[in-house]
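Here is the structure we will look at, set down as structure tokens.
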Amino acid sequence: MENIQMLLKQGAVGKPCAPIVAVGDKVKRGQLIATPTGLGANVHSSVSGEVIDITEDRIIIKPNAKQPKTFEKIKKGSNLEMIKEAGIIGQGGAGFPTFIKIYNGKEDKPVLDHGYILVNASECEPGLAHNIAQIDADPEMLLRGIHYLMEIAGADKGIIAIKKKHRETIEKLDALLKDDPAIERHLLPDIYPMGEERAVVRECLGIELEPDKLPSAANAVVINSETVYSCAKAIEERKPLIDKNITVRGMIKGGNEAHVFMDVPVGRSVQALIDEAGGFDERGYGEVIMGGSFTGKACELGDPITKATGAILVTRQFRDLHGAKVGILVCACGGNLERMEDLVAKYNGTVGHVCYCKQAAEMPNGTRKCERPGNCPGQVKNNLEFKKAGCEYIIIGNCSDCSNTVMASGPKMGLKVMHMTDLAMMAVGHPLYRTLKVSKKVSQDLNVVDNVEDNETVE
Amino acid sequence: MSITAETAKQHANDPAVLCCRAEAGTELTPANFEDPAIFPDLVDSGLLNLDGALKLGQVLNGSKLTKTVDSLTPITPDIVDKYDAAEEEAEEAPAVEEAAVEAPVAAAPAFAAPAAGGYISLHIGEGKNIDIQIPAGIGGGAVAAPVAAAPAAAAAAAPAAAEETGEAVVVREMTRKHYKIDKVVLGDETKIEGTTLYVRKAAATEGAEAQKLVHSLELDVITPDNYHVYSETVMDIQPIATKEDDYELGEGVTRVLDGVVMVVTGITEEGVQVGEFGSSEGYIDENMMWGRPGAVDKGEIMIRAHAVIDNKKNMERPGPIAIHTAVDHVTQEIRNAMKKDLTDDMVVETQTMKQVRRPGKKKIVIVKEIMGQGAMHDNFLFPTEPVGVLGAKPNVDLGNVPVAANPLEVMDGCIHALTCIGPASKEMSRHYWREPLVYEAIHDDDVDLVGVIFVGSPQANTDKFYVSRRLGQMVESMNVDGAFVTTEGFGNNHVDFTSHIEQIGKRGVPVVGFSFCAVQGALVTGNKYCDAMVDNNKSMSGIENEVLACNTLCHEDAIRGLAMLKAKMAGETIKAPERQYTHAVKENNVELIEKAYGTKMELVENEQSLPISEKRKAKYD
Numbered sequence: 000m001e002n003i004q005m006l007l008k009q010g011a012v013g014k015p016c017a018p019i020v021a022v023g024d025k026v027k028r029g030q031l032i033a034t035p036t037g038l039g040a041n042v043h044s045s046v047s048g049e050v051i052d053i054t055e056d057r058i059i060i061k062p063n064a065k066q067p068k069t070f071e072k073i074k075k076g077s078n079l080e081m082i083k084e085a086g087i088i089g090q091g092g093a094g095f096p097t098f099i100k101i102y103n104g105k106e107d108k109p110v111l112d113h114g115y116i117l118v119n120a121s122e123c124e125p126g127l128a129h130n131i132a133q134i135d136a137d138p139e140m141l142l143r144g145i146h147y148l149m150e151i152a153g154a155d156k157g158i159i160a161i162k163k164k165h166r167e168t169i170e171k172l173d174a175l176l177k178d179d180p181a182i183e184r185h186l187l188p189d190i191y192p193m194g195e196e197r198a199v200v201r202e203c204l205g206i207e208l209e210p211d212k213l214p215s216a217a218n219a220v221v222i223n224s225e226t227v228y229s230c231a232k233a234i235e236e237r238k239p240l241i242d243k244n245i246t247v248r249g250m251i252k253g254g255n256e257a258h259v260f261m262d263v264p265v266g267r268s269v270q271a272l273i274d275e276a277g278g279f280d281e282r283g284y285g286e287v288i289m290g291g292s293f294t295g296k297a298c299e300l301g302d303p304i305t306k307a308t309g310a311i312l313v314t315r316q317f318r319d320l321h322g323a324k325v326g327i328l329v330c331a332c333g334g335n336l337e338r339m340e341d342l343v344a345k346y347n348g349t350v351g352h353v354c355y356c357k358q359a360a361e362m363p364n365g366t367r368k369c370e371r372p373g374n375c376p377g378q379v380k381n382n383l384e385f386k387k388a389g390c391e392y393i394i395i396g397n398c399s400d401c402s403n404t405v406m407a408s409g410p411k412m413g414l415k416v417m418h419m420t421d422l423a424m425m426a427v428g429h430p431l432y433r434t435l436k437v438s439k440k441v442s443q444d445l446n447v448v449d450n451v452e453d454n455e456t457v458e
Numbered sequence: 000m001s002i003t004a005e006t007a008k009q010h011a012n013d014p015a016v017l018c019c020r021a022e023a024g025t026e027l028t029p030a031n032f033e034d035p036a037i038f039p040d041l042v043d044s045g046l047l048n049l050d051g052a053l054k055l056g057q058v059l060n061g062s063k064l065t066k067t068v069d070s071l072t073p074i075t076p077d078i079v080d081k082y083d084a085a086e087e088e089a090e091e092a093p094a095v096e097e098a099a100v101e102a103p104v105a106a107a108p109a110f111a112a113p114a115a116g117g118y119i120s121l122h123i124g125e126g127k128n129i130d131i132q133i134p135a136g137i138g139g140g141a142v143a144a145p146v147a148a149a150p151a152a153a154a155a156a157a158p159a160a161a162e163e164t165g166e167a168v169v170v171r172e173m174t175r176k177h178y179k180i181d182k183v184v185l186g187d188e189t190k191i192e193g194t195t196l197y198v199r200k201a202a203a204t205e206g207a208e209a210q211k212l213v214h215s216l217e218l219d220v221i222t223p224d225n226y227h228v229y230s231e232t233v234m235d236i237q238p239i240a241t242k243e244d245d246y247e248l249g250e251g252v253t254r255v256l257d258g259v260v261m262v263v264t265g266i267t268e269e270g271v272q273v274g275e276f277g278s279s280e281g282y283i284d285e286n287m288m289w290g291r292p293g294a295v296d297k298g299e300i301m302i303r304a305h306a307v308i309d310n311k312k313n314m315e316r317p318g319p320i321a322i323h324t325a326v327d328h329v330t331q332e333i334r335n336a337m338k339k340d341l342t343d344d345m346v347v348e349t350q351t352m353k354q355v356r357r358p359g360k361k362k363i364v365i366v367k368e369i370m371g372q373g374a375m376h377d378n379f380l381f382p383t384e385p386v387g388v389l390g391a392k393p394n395v396d397l398g399n400v401p402v403a404a405n406p407l408e409v410m411d412g413c414i415h416a417l418t419c420i421g422p423a424s425k426e427m428s429r430h431y432w433r434e435p436l437v438y439e440a441i442h443d444d445d446v447d448l449v450g451v452i453f454v455g456s457p458q459a460n461t462d463k464f465y466v467s468r469r470l471g472q473m474v475e476s477m478n479v480d481g482a483f484v485t486t487e488g489f490g491n492n493h494v495d496f497t498s499h500i501e502q503i504g505k506r507g508v509p510v511v512g513f514s515f516c517a518v519q520g521a522l523v524t525g526n527k528y529c530d531a532m533v534d535n536n537k538s539m540s541g542i543e544n545e546v547l548a549c550n551t552l553c554h555e556d557a558i559r560g561l562a563m564l565k566a567k568m569a570g571e572t573i574k575a576p577e578r579q580y581t582h583a584v585k586e587n588n589v590e591l592i593e594k595a596y597g598t599k600m601e602l603v604e605n606e607q608s609l610p611i612s613e614k615r616k617a618k619y620d
């Protein structure tokens with residue numbers, strides 16, 4: 000195994016942890032190696048080996064040739080204490096420390112007032128498969144995890160939000176839920192961004208939160224399904240969060256099926272996982288994205304995966320636009336301006352104009368959140384601007400509904416529309432985000448067939 | 000873009016078009032609809048066909064879609080379960096002509112309500128063609144439609160005197176003594192003998208020597224028998240006048256020479272014209288719009304002072320300032336001769352000018368936006384002598400903040416204009432000396448002109464809004480019933496121009512704006528208070544045609560503006576103009592005014608009355 004790089008900051012939020020080991024130390028798999036200095040969570044070594052370097056942002060461990068299946072168990076304690084001790088952060092992407100989400104420091108007053116644990120099992124980013132695979136393999140543990148969290152957070156109800164297309168998995172859940180009245184499931188349509196935190200709240204509870212509000216404003220905690228498993232393992236097995244489930248997919252030798260790797264030690268490199276999946280397709284590739292195609296970022300092959308990494312996507316090669324003017328439509332659902340500019344450069348385009356979706360509200364920290372995720376505010380005005388600015392192409396990162404609106408006027412104006420996910424979608428064999436033909440609402444009855452006039456197939 | 004309930008209400012009578020895909024069963028709300036402000040652009044580009052579309056006001060009362068339809072679909076009766084009946088439109092859209100027949104007050108077109116995303120295209124053909132596109136929506140995110148002109152024949156004022164018995168009050172008066180000059184001779188001494196003005200040639204050299212940036216300043220005389228003289232761009236045209244005794248501007252006695260004006264021209268050593276956005280160089284008879292308030296009248300003698308300055312200083316403030324200061328050295332010598340040599344028996348006409356207040360009548364204020372972007376754009380305010388330099392403060396140095404003047408000060412030359420914007424729309428020093436809006440307002444028995452405010456137009460947007468807010472507060476404290484805001488040039492200055500209108504308008508004061516707009520100068524920004532505008536355009540093609548003073552504010556514009564403001568103050572609605580600029584708006588309004596007042600309006604000629612220059616032939620007409 001290659002050297003393991005444990006980043007001191009594992010999620011997108013919070014402060015880096017401080018190492019508590021030194022170079023030369025022998026560490027065991029599961030051993031605590033760094034602790035928080037502010038907002039953050041414990042970091043444990045995912046392998047047994049020797050610390051060979053500690054840099055500003057990471058601890059580098061040379062793994063022993065033989066790795067144990069077992070791990071150093073965390074200290075015994077209350078369920079909450081063990082979740083905290085295990086260093087669990089949200090595994091859906093942002094990596095917010097889980098114990099802070101479910102505990103407010105008040106013994107007598109939990110974060111929720113007879114509220115809801117909403118389990119995000121939407122696996123919203125297209126092409127990913129590890130969340131559903133995990134539920135499919137062990138639905139019971141998911142339910143146990145939900146109950147642990149409900150108890151800690153003060154919830155009366157748990158709701159599993161899952162896309163209706165996963166029929167077999169849903170049937171397994173339904174069979175268990177018959178005897179578990181505190182938990183139900185909510186079926187979602189297969190459109191982006193059903194997994195956006197506030198979209199989950201809206202779909203499950205019918206409450207539209209302002210962009211600057213947290214789900215707690217709707218008396219709910221939204222938690223990714225893999226995170227629920229990690230909590231259950233911390234409580235039942237005293238296991239720290241050291242392994243991660245990952246989907247590796249795209250321009251991989253042998254085809255574009257999803258390679259789902261369960262329990263990959265955190266800190267392994269992107270290159271190693273691509274190699275394990277079969278290596279790069281000999282036809283070449285465009286870029287490697289760590290995370291989903293909407294919210295992830297291009298990465299280097301030596302980069303390590305973190306507790307929050309869900310996917311490694313290898314995209315198709317970039318077309319050469321020969322410097323053509325490209326308009327960028329920035330929204331909150333897809334890449335930020337920096338990411339979009341990166342893509343335009345990779346396409347060898349020139350940024351001709353930048354517009355922001357009307358609903359992409361800027362937050363105090365500079366990020367953007369959509370005011371009504373998945374419900375378009377209209378886009379033709381932006382297209383008029385792009386046209387007037389002389390753009391030949393536009394690149395968008397919008398959700399299914401907004402992309403559909405862009406398509407309603409863009410091509411008629413002579414704008415060639417590209418979606419930031421195109422090369423990844425082609426690589427994984429997913430329809431491109433263009434027009435929307437399916438309904439944004441689905442019947443909660445698994446046996447009712449919804450309007451499934453499918454989107455155009457790839458290429 | 001989806002709209003708010005408020006916007007939906009404003010556009011209740013505009014077509015209902017979905018902004019996004021909406022599924023069958025959706026109950027329609029404002030968030031489902033596209034902003035009607037951008038429809039014209041969509042229709043123009045073939046993206047939208049509004050035939051048969053229901054209006055917003057008809058479908059926001061619980062109407063549900065019966066079919067899933069995509070973005071930019073107009074709501075038609077076949078895709079909703081129900082809709083309200085259309086409101087009676089009769090009172091909504093009075094044709095301009097009909098209104099004129101029925102009532103003395105007619106609605107009049109104006110600037111279209113703020114739109115949400117259009118483009119202003121400028122085309123400047125100068126050697127190589129240059130296309131400029133200004134994305135609309137600077138500042139307030141609004142956009143301009145072509146500004147069209149139009150007043151209402153607001154004659155409701157006629158019987159207004161019934162309840163007001165207040166007499167007109169003369170606040171102050173001054174005298175202008177006119178002296179005739181029919182010959183100008185350049186020589187060794189500056190003096191006036193009879194009707195001959197002698198100007199010492201060396202005065203120009205001395206004026207130039209005192210200015211580091213001025214390489215040379217030369218005088219020559221252009222006489223009416225030969226106006227076909229080549230001239231570099233005309234920077235300014237100035238009356239030659241002086242105060243008697245120690246009187247200040249706007250009081251006492253002013254002596255003025257009739258039949259002669261100072262004409263300032265300038266280039267750099269390399270031969271670059273001192274001007275921006277066009278220049279008026281060429282044969283004078285082809286490039287001078289005779290008789291405009293700011294221009295030369297046919298028959299007048301021009302003393303041309305031509306300066307050559309340092310390279311690159313043509314676009315920097317010190318360059319034009321140096322030229323004007325050098326020229327004023329000559330003019331001041333003439334003024335001194337006027338004080339010495341002119342006697343009362345030489346007076347050909349005495350004019351008593353009165354500032355009149357009319358208590359009880361609608362109080363109005365005139366706001367004149369003057370250029371203050373620095374670079375070459377500046378104005379000297381309140382010199383000691385009419386249109387002098389000494390004693391004046393540049394408005395750029397004053398921070399462009401609003402400064403109040405009385406009407407007599409304005410017409411006594413309190414502005415020495417250093418404006419170098421487009422020749423056709425710039426207000427030169429002589430313009431203020433004969434300012435038609437001040438003249439018409441003070442002679443209008445229906446209104447009480449409280450004063451004139453000058454406000455500079457700074458370069459930076461933050462400064463623009465700074466001065467604009469001060470202006471709004473100043474106007475608020477005047478407690479007026481109506482206001483005019485005028486500007487010169489177009490483009491950059493329209494940002495503060497429209498902001499001035501907003502600052503005044505949002506205080507509940509009806510505002511009428513004056514600007515050259517037409518085809519080329521459509522507002523780059525706008526707001527909901529910009530609904531009454533008079534377009535100063537006179538040119539046939541609606542452009543900045545580089546014919547000096549062609550598109551400046553004239554008496555006919557002042558009369559239209561007064562009619563429009565009176566209509567607005569009386570609560571009349573000013574009708575929106577066509578989307579594309581058309582002369583018809585002005586023509587209709589003139590017709591309305593003529594009918595309402597029973598008078599004939601004489602309209603000034605435009606560049607078509609001049610011999611066509613090669614430049615104009617090549618670039619414009």
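Chains A and B, in that order, give the protein sequences.
For the first sequence, the residue numbers in numbering that gives the first Met the number 0 are 0 to 458.
For the second sequence, the residue numbers in numbering that gives the first Met the number 0 are 0 to 620.
All residues carry an ideal CB built from backbone N, CA and C; glycine is no exception.
What is the DSSP secondary structure of residue i, counted as helix, strand or coil?
{"i": "B:MET410", "result": "helix"}
{"i": "B:LYS392", "result": "strand"}
{"i": "A:GLN316", "result": "coil"}
{"i": "B:ALA4", "result": "helix"}
{"i": "B:GLN9", "result": "helix"}
{"i": "B:PHE464", "result": "helix"}
{"i": "A:SER268", "result": "strand"}
{"i": "B:VAL508", "result": "coil"}
Just to confirm, are residue i and residue j a CB contact at a threshold of 8 Å?
{"i": "B:GLY45", "j": "B:THR75", "result": "no"}
{"i": "B:PRO406", "j": "B:GLN354", "result": "yes"}
{"i": "B:LYS361", "j": "B:MET568", "result": "yes"}
{"i": "B:THR3", "j": "B:PRO35", "result": "no"}
{"i": "A:GLY285", "j": "A:ILE251", "result": "no"}
{"i": "B:THR486", "j": "B:ARG291", "result": "no"}
With 16 other CB atoms within 10 Å as the buried threshold, where does residue i fall?
{"i": "B:ASN31", "result": "buried"}
{"i": "B:CYS19", "result": "buried"}
{"i": "B:TYR229", "result": "exposed"}
{"i": "A:ASN381", "result": "buried"}
{"i": "B:SER608", "result": "exposed"}
Between residue i and residue j, which are expected to be in contact by the criterion C-beta below 8 Å, what is the C-beta distance as a whole number of angstroms?
{"i": "B:GLU332", "j": "B:ARG199", "result": "6 Å"}
{"i": "B:VAL454", "j": "B:LEU470", "result": "5 Å"}
**Item:** Residues of the region 316–345 of chain A with Cβ closer than 7 Å to any Cβ of chain B, in chain order
**Value:** Along the region 316–345 of chain A, there is no position whose C-beta sits under 7 Å from a C-beta of chain B.
**Interface residues of the region 435–447 of chain A facing chain B [CB-CB below 8 Å]** = If the cut-off is 8 Å between Cβ atoms, the region 435–447 of chain A has LEU435, SER438, LYS439 and LYS440 near chain B.
**Asked** Listed in chain order, which residues of the region 388–414 of chain A have Cβ atoms closer than 7 Å to some Cβ of chain B?
**Response** With the criterion set as a beta carbon lying under 7 Å from some beta carbon of chain B, the members of the region 388–414 of chain A are ASP400, ASN403, THR404, ALA407, SER408, LYS411 and MET412, in sequence order.
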